[in-house]
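The sequence shown runs 1 to 397 under UniProt numbering.
Even glycine gets a Cβ: it sits at the ideal position worked out from N, Cα and C.
Written out below as structure tokens is the structure these notes cover.
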Amino acid sequence: MFQSVVSAPPDPILGLTDAFKADPRADKINLGVGVYQDEAGRTPVLPAVVEASRRVVERSDTKNYLPIPGDPAYGLAVQQLAWGEGHEVVESGRAATSHTPGGTGALRVVGDFLHQNLPSTTLWLTTPTWANHPAIFAAAGVPTKTFPYFDPQANALDLPAMLAAIKKMPAGDAILLHGCCHNPTGIDPTADQWKQIADAVYAAGVLPVLDFAYQGFGDGLSEDAAGLREFTRPSAELVACSSYSKNFGLYRERVGAATFVAGDAGRCAVVQSQVKRAIRANYSNPPAFGAALVTTILGDPKLRKQWEGELAEMRGRINGMRKLLVDKLAEHRAPGDFGFIAHQRGMFSFSGLTEPQVAKLKSEHAIYMVGSGRMNVAGVTPANVDRLCAAVAQVLG
Ligand code: PMP
């Protein structure tokens, strides 16, 4: 039977890592996959995570299954981190959190839930969006459509086009927004724009789903949750997908969460019973270790403070590289104004480079980025920035 199977194309992002690894050129630069790298190009285990690992191993006394939604202490920690301690949503019982394998797992659980319980719901995605979004929801059987988000001319949010599109969305559809650090553009709404977006979404009777994969990578833990808080209006329904791959550096431990917020605690229990059913038929229950690390760090004031410092360091390095990129592109006389790179947030910059220019950077300069021109700013270091900017100036010139 396998004779009839045809090869799948390589993943547009992860496939790039394979090509990078196979490239023999010594001065190659990887700006592809969205993984944090320090100044030396390493993706280290955060010291707060090292300490938490020691504690978790020391106190672990069973490998028995976790409940379907994971450890309740983790669920509470997820809510407190996203909304802030004491927030109405955390206190009221109208939110239920399930620990999922990464943010990807959270999105898939949301997809399964929509497909099984709200089969006529179409999910609207930003143009552009993370390449895996359409694939995840297609796999879950959720129909998707797209709406405008980014204005490439202005390198900014296209708010008028976005609001006009939301107005036309049928009631009962759902919209997927990036909670912060939009991937791939790095363009986030301001506080006032979030308000206008939330007004439009709720007026249209559309369910907001916030993909919150980079909390703390933009302006800070609380600052980055401004959009989520704006959507959390009294008795409003929403869904939040958290990922701790980036902000805790726990990529391979697969730590994320899906939080369903209902109008009241009673509705929330009904919704959560269906979420649990979807999880049971998917991966049954989550892997314990990574979530135990997050619960340990967030639950210990000293460790938490240490982690917040380590997160601030990652954020500071990325934002520092943004400024350096702007300066160095000017120094190497790259044509155009790249000031917008300093205003983008999160790990990525939509550089404006075209697909042929990206291909040329790879073939002639051993510089790897996603075909759309998305650059992982965390791959830029003081040691490689000159070579990078000289090469960009050359392909643009
Ligand atoms: N959403 C977005 C927008 C992302 O960029 C990512 C990671 N690339 C994820 C979700 C999922 O992250 P993970 O599954 O690794 O936690």
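For the alpha helix (DSSP H) holding residue i, just list the boundary residues, first then last.
i	result
residue 322	301 to 331
residue 112	102 to 117
residue 197	191 to 204
residue 136	132 to 140
residue 262	Taken as a continuous stretch (DSSP letters only), residue 262 belongs to no alpha helix (DSSP H), as it is neither H nor E.
residue 388	385 to 396
residue 14	14 to 22
residue 228	226 to 231
How is the beta strand (DSSP E) around residue i delimited, first residue to last?
i	result
residue 83	That residue, residue 83, is in no beta strand (DSSP E); its alpha helix (DSSP H) goes 72 to 83.
residue 374	374 to 376
residue 212	207 to 212
residue 349	348 to 350
residue 174	174 to 178
Does residue i get closer than 7 Å to chain B when you measure Cβ to Cβ?
i	result
residue 247	No chain B is part of this structure, which consists of one protein chain only.
Report the three-state DSSP secondary structure of residue i (helix, strand or coil).
i	result
residue 87	coil
residue 169	coil
residue 279	helix
residue 361	helix
residue 343	helix
residue 297	helix
residue 368	strand
residue 150	strand
residue 46	coil
residue 95	strand
residue 52	helix
residue 36	coil
residue 356	helix
residue 162	helix
residue 251	helix
residue 268	helix
residue 380	coil
residue 6	coil
residue 292	helix
residue 215	coil
residue 284	coil
residue 273	helix
Which residues does DSSP list as the beta-bridge partners of residue i?
i	result
residue 256	100, 243
residue 145	124
residue 29	367
residue 157	150
residue 398	This structure cannot speak to residue 398, because the chain is shown only from 1 to 397.
Taking its Cβ as the centre, do 16 or more other Cβ atoms sit within 10 Å of residue i, making it buried, or is it exposed?
i	result
residue 1	exposed
residue 14	exposed
residue 345	buried
residue 3	exposed
residue 101	buried
residue 363	exposed
residue 142	buried
residue 209	buried
residue 254	buried
residue 336	exposed
residue 310	buried
residue 25	exposed
residue 54	exposed
residue 244	buried
task: Tell me, please, whether the segment 184 to 197 touches the segment 151 to 158 by the rule of three or more beta-carbon pairs shorter than 8 Å.
output: Between the segment 184 to 197 and the segment 151 to 158, the count of C-beta pairs closer than 8 Å reaches three or more; the two stretches touch.
message: With three or more C-beta pairs closer than 8 Å as the rule, is the segment 107 to 116 touching the segment 268 to 279?
response: In short, these stretches touch, since the Cβ pair count reaches three.
message: Taking 8 Å as the cut-off, does the segment 198 to 215 touch the segment 167 to 181 (at least 3 CB pairs, one atom from each stretch)?
response: Three or more Cβ pairs closer than 8 Å define a contact, and the segment 167 to 181 meets that threshold against the segment 198 to 215.
query: Just checking, does the segment 83 to 95 make contact with the segment 257 to 269 on the three C-beta pairs under 8 Å criterion?
result: These segments touch.
task: Please determine if the segment 287 to 302 and the segment 340 to 357 are in contact, where contact requires at least 3 C-beta pairs separated by less than 8 Å.
output: They do not touch, by the three-pair rule.
- prompt: Would the segment 222 to 237 and the segment 72 to 84 be scored as touching if the rule is three or more Cβ pairs under 8 Å?
  reply: Yes: at least three Cβ pairs fall under 8 Å.
- prompt: Are at least three pairs of beta-carbons, each pair with one atom in the segment 48 to 67 and one in the segment 316 to 323, less than 8 Å apart?
  reply: Between the segment 48 to 67 and the segment 316 to 323 there are fewer than three inter-stretch CB-CB distances shorter than 8 Å, so the stretches are not counted as touching.
message: If contact is defined by three or more beta carbon pairs under 8 Å, each pair taking one atom from either stretch, is the segment 118 to 136 in contact with the segment 300 to 313?
response: When C-beta atoms of the segment 300 to 313 are compared with those of the segment 118 to 136, fewer than three pairs fall below 8 Å, so the two segments do not count as touching.
message: Closer than 8 Å is the cut-off here; do at least three beta carbon pairs connect the segment 326 to 343 with the segment 304 to 316?
response: Verdict: no, contact absent.
Three CB pairs or more closer than 8 Å across the segment 278 to 285 and the segment 124 to 134: The way I'd put it, the segment 278 to 285 doesn't touch the segment 124 to 134; fewer than three beta-carbon pairs between them come closer than 8 Å.
query: Is the segment 218 to 226 touching the segment 62 to 76 in the sense that three or more CB pairs, one from each, lie closer than 8 Å?
result: A contact is defined here as three or more CB-CB pairs under 8 Å, and the segment 62 to 76 fails this definition with respect to the segment 218 to 226.
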